[in-house]
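Participant:
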Amino acid sequence: MRIPIIAGNWKMHKTVAQSLEFVDEILPLTAEIKGVKVVLCPPFTALYSVGQRLQGTHIEMGAQDVFWADEGAYTGEISPPMLKDTGSKYAIVGHSERRHQLKETDEDVNQKVKSLLQAGLWPILCVGETLEQRQAGNARQVVKEQLEEGLKDVDTTGTDLVIAYEPVWAIGTGVNASSEDAQDMIGFIRQELAGKFSQEMAERVRILYGGSVKANNIEEFMSQPDIDGALIGGASLQAESLAEIARRAEGIVNG
Ligand code: 13P
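Residue 1183 in this note's numbering sits at position 234 of the sequence shown; the count goes up by one each step and never skips.
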C-alpha cells in the first residue's frame, strides 16, 4: 500500500518568519489527515527552523536540491549530511527549473540521487518533457532517458525514492496535463522501473504528478491508479490552499 504524498515545493519563496507562519497555520489544518502524507520543501535558509517546528508532528520536510559530496571545497553547495541535520527526509533533484535554467545534467542528477540514498535521504526525482518534445511525439523517450540516466547504477535495495512526473509545459502555466495523460506517463514510468529494478520496487515507489495542481483538479489525478500524489508549486504557498489539496486527496484515498 503506497501512502500518497502531497508535497509543496515553495521554490524561491518565503523568509524564515514567513515559513514558520505557514507551518503554524497548516499544522492544525491537516491534523486529522491520515490517508496522505504532507511534505513541505522550503528554501535552504528556512530548513532548520521549519525542521525544528515540525519535529514530532505529522508533517515531513524536504529540501529543493542537494550537492553530491559530503563536504569539501564547493562554495555555495549543501550536502546530504547537512540536509539531514536540518531534519529533512527528502530532497527534490532534477527539477526542470534546475535542468533548464541552471543547466543541470542527467549525470549531475544521478550523482545527487546516489549521494542522497547513501545518506539515508529520499530523493524526489523529477522527470518530464518540454512542449516541443511532446508535440514531436518524444515524451516517453525523453522521460525514459531521464529515468535511465538519473537512476544509473543506483541500488534501491532497502532504500526508498519518489519520482515526480512534471511535464515542463504544465509547470506554473495554469495548464495542467489531463489526468489521463498523466496516468499514461506515470503508468509507463512504473513499467520502466519494474523492468530496470523489480516488480516489487516498482510497486513500492510513489510516483507523483506535478504541474498546475490545484484544489480543483487534485481529485482527478488522485483517482488514477498509478498517481500517488502531487508535487505542488504555486498552490502550495498558502497554508489553506495546500491543506485543501491534502484534504481532497485524502477524500479520494478513503472514498
Ligand atoms: P506549479 O504547481 O506552480 O505548476 O509548479 C509545479 C512544480 O514545479 C512543483 O515542483
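Even glycine gets a Cβ: it sits at the ideal position worked out from N, Cα and C.
(1) Quick one: what does DSSP say leucine 1066 is sitting in, helix, strand or coil?
(2) Taking glutamine 1095 as the reference, which of Leu1074, Gly1011, Ile1194, Thr1106 has the closest Cα?
(3) Along the beta strand (DSSP E) that carries alanine 1143, what are the first and last residues, could you check?
(4) Which residue marks the beginning of the beta strand (DSSP E) containing glycine 1000, and which one marks its end?
(5) Please name the residue in Thr964, Asp1014, Leu1110 whose C-alpha comes closest to that of glutamate 1053.
(6) Return the residue from the list Ala1022, Pro992, Phe1016, Met950 that minimises the CA-CA distance to glutamine 967.
(7) To the nearest angstrom, how far is the alpha carbon of glutamate 1168 from that of isoleucine 1201?
(8) Could you name the residues that DSSP lists as bridge partners for glutamate 1009?
(9) Going by DSSP, name the residue or residues bridged to valine 1076.
(10) Can you tell me which residues form a DSSP beta bridge with asparagine 958?
(11) Just to confirm, does glycine 1182 get its C-beta within under 7 Å of one of the non-hydrogen atoms of the ligand SAM?
(12) Rounded C-beta distance between valine 1042 and glutamate 1078? I'm assuming under 8 Å.
(13) For the stretch 1154–1161 and the stretch 1119–1126, state whether three or more C-beta atom pairs, one from each stretch, are separated by less than 8 Å.
(14) Inspect the beta-carbon positions of alanine 1164 and glutamate 974 and report whether they are closer than 8 Å.
(15) When every heavy atom of the ligand 13P is checked, does at least one fall within less than 7 Å of the C-beta of valine 1162?
(16) Sort Asn1203, Leu1180, Ala1088, Val1058 by Cα distance to leucine 989 and report the nearest one.
(17) Is there contact between the stretch 1126–1134 and the stretch 1064–1072, where contact requires at least three CB pairs shorter than 8 Å?
(18) Please work out which residues of its chain come closer than 7 Å, Cβ to Cβ, to lysine 1093, disregarding the five sequence neighbours upstream and downstream, and give them in chain order.
(19) Give me the residue from Val1111, Ala1195, Leu969 with the minimum Cα distance to leucine 996.
(20) What do you reckon, is the C-beta of isoleucine 1120 under 7 Å from a heavy atom of the ligand 13P?
(21) Note down the Cα distance separating isoleucine 952 from glutamate 1097, rounded to an integer number of angstroms.
(22) Using a 10 Å radius around the Cβ and a threshold of 16 neighbouring Cβ atoms, would you call leucine 1051 buried or exposed?
(23) What are the boundary residues of the alpha helix (DSSP H) that isoleucine 975 is part of?
Facilitator: Quick look at the numbers:
(1) helix
(2) Leu1074
(3) Run containing alanine 1143: none in the beta strand (DSSP E); it sits in the alpha helix (DSSP H), 1128–1145.
(4) Premise fails: glycine 1000 lies in the alpha helix (DSSP H), 993–1003, not in any beta strand (DSSP E).
(5) Asp1014
(6) Pro992
(7) 7 Å
(8) Val988
(9) Tyr1114
(10) Cys990
(11) In terms of ligand content, the structure shown lacks the ligand SAM and carries the ligand 13P instead.
(12) About 17 Å separates the two Cβ atoms, so there is no contact after all.
(13) yes
(14) no
(15) yes
(16) Leu1180
(17) no
(18) Glu1141
(19) Leu969
(20) yes
(21) 25 Å
(22) exposed
(23) 965–978
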